[in-house]
Ligand SMILES: *[C@@H]1O[C@H](CO)[C@@H](O)[C@H](O)[C@H]1NC(C)=O
Ligand SMILES: *[C@@H]1O[C@H](CO)[C@@H](O)[C@H](O)[C@H]1NC(C)=O
Ligand SMILES: *[C@@H]1O[C@H](CO)[C@@H](O)[C@H](O)[C@H]1NC(C)=O
Ligand SMILES: *[C@@H]1O[C@H](CO)[C@@H](O)[C@H](O)[C@H]1NC(C)=O
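Numbering (mature numbering (1 follows the signal peptide of the UniProt record, and there is no 0)), first residue to last: -20 to -1, 1 to 240.
So, in structure tokens, the structure goes:
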């Protein structure tokens, strides 16, 4: 019986076409340099092992490892619409890649579309952090900015309100038809350690700081902070995937790092 289960599980993984993605970016805090043989560095590896094993079942975990000056705090989270299989692959990649990209830093963060992982020797759990952001925007501009921004604003209001409802665990997503052919999709998510008030604050900053700047009048945009994620597109990108994908969408994107 148990052998049968294992085989079915493996087949499902192959069939679901889950695959590794490239990171969208990382932050290695160069004011927190450590040496690779240190106790703190060993504790980071132990913490990462815990994050990798525990994130997929709950979608979010915060943890700490070690004592006194060698203590390290960590957090990892998947986008809540993503499957357990994709979550697991994403967090495994994140844990491996963040150590490659930030090998000598006690404060490091890595962003993927499906997940986010960070750790630091300073406690950051429960605090809103918008000090470092990664923005991706579609190079295409909308043809009717006034109408588009009105629709985008009301979709954002709706999904931000959803995100701060306890049962939604920081996730808000939705869509709105702009015409018979065009649908606008939006998704926001806060990290699971934030209170409703803190979540609302992060999402407000993400919108206010970027929607009139790098995202302005763009056909799509993504804002990646350490405490929240905001994205809208004119094509389906969240799960369950909408099947009506319009073929003429050009999703060539630009990326920028922003410090407030
Ligand atoms: C930390 O290390 C990086 C190289 O890994 C170096 O460029 C940077 O100056 C160091 N920071 C400090 C504060 O020493
Ligand atoms: C974290 O590590 C950095 C670099 O080693 C150090 O300057 C800082 O004091 C540490 N913070 C804590 C809370 O231990
Ligand atoms: C979109 O708008 C930006 C800013 O107004 C402009 O620089 C850019 O050339 C426009 N892109 C296209 C494809 O029209
Ligand atoms: C998409 O847009 C970019 C930038 O405007 C352009 O360089 C590229 O050729 C376009 N791709 C397609 C398939 O139209």
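Just so it is clear, CB atoms sit at the ideal spot from N, CA and C, and this is done for glycine as well.
Going by C-alpha to C-alpha distance, which of 204, 37, 21, 162 sits closest to residue 80?
21
Per DSSP, cross-strand counterpart(s) of residue 234:
117
Give the single residue among 82, 63, 60, 97 whose Cα lies nearest to the Cα of residue 74.
Minimum Cα distance to residue 74 is reached at 97.
Can you confirm whether the segment 61 to 75 touches the segment 134 to 150 when touching is taken to mean that 3 or more C-beta pairs between the two stretches lie within less than 8 Å?
no
DSSP three-state label for residue 128, please.
Helix.
Bounding residues of the alpha helix (DSSP H) (the contiguous stretch that carries residue 76):
64 to 81
Integer-rounded CB distance, given that residue 210 should sit under 8 Å from residue 113:
Actually they are not in contact, since the Cβ atoms of residue 113 and residue 210 sit about 10 Å apart, beyond 8 Å.
For ligand 2, I want to know if residue 101 counts as a neighbour, meaning its beta carbon is within less than 6 Å of at least one of the ligand's heavy atoms.
Yes, the beta carbon of residue 101 sits closer than 6 Å to at least one heavy atom of ligand 2.
DSSP-derived helix/strand/coil call for residue 221:
Three-state DSSP puts residue 221 in coil, outside helix and strand.
Note down the Cα distance separating residue 223 from residue 192, rounded to an integer number of angstroms.
31 Å
Go through its chain and collect everything with a Cβ distance to residue 31's Cβ below 7 Å, but skip five positions before and after it.
41, 43, 54, 56, 71, 75, 97
Please decide whether residue 150 counts as near chain B, where near means a Cβ-Cβ distance under 7 Å.
As a matter of chain content, chain B is missing from the structure shown, which is built from one protein chain.
Secondary structure at residue 6, three-state DSSP: helix, strand or coil?
strand
Cα separation between residue -16 and residue 229?
Any reading at residue -16 must be qualified, since the residue scores a pLDDT of 38, below 50, and its modelled position is unreliable; the value itself is stated next. About 41 Å.
Look up residue 43 in the DSSP assignment and say whether it is helix, strand or coil.
strand
Look at the Cβ atom of residue 105, then the Cβ atom of residue 173, and state whether they are nearer than 7 Å.
It is a contact, given that the beta carbons lie within the stated cut-off.
Between which two residues does the beta strand (DSSP E) harbouring residue 147 extend?
Residue 147 -> no beta strand (DSSP E), and no H or E assigned at all.
Mind listing, in chain order, the continuous alpha helix (DSSP H) runs of no fewer than 4 residues lying wholly within the segment 140 to 215?
176 to 190
By C-beta, the residues closer than 7 Å to any heavy atom of ligand 3, given in chain order:
119, 120, 121, 197
What separation, rounded to the nearest whole angstrom, lies between the Cα atoms of residue 146 and residue 60?
Computed Cα separation, rounded: 14 Å.
Proximity winner among 52, 85, 92, relative to residue 68 (alpha-carbon distances)
Of the listed residues, the one whose Cα sits closest to residue 68 is 92.
Looking at residue 156 and ligand 4, is the gap between the Cβ and the nearest heavy atom below 6 Å?
no
What residues are listed by DSSP as bridge partners for residue 100?
53
Within 6 Å: the Cβ of residue 171 and any heavy atom of ligand 4?
no
The beta strand (DSSP E) that contains residue 90, what's its start and end?
88 to 91
Straight-line gap, residue 64 to residue 39 (C-alpha atoms, nearest Å):
8 Å
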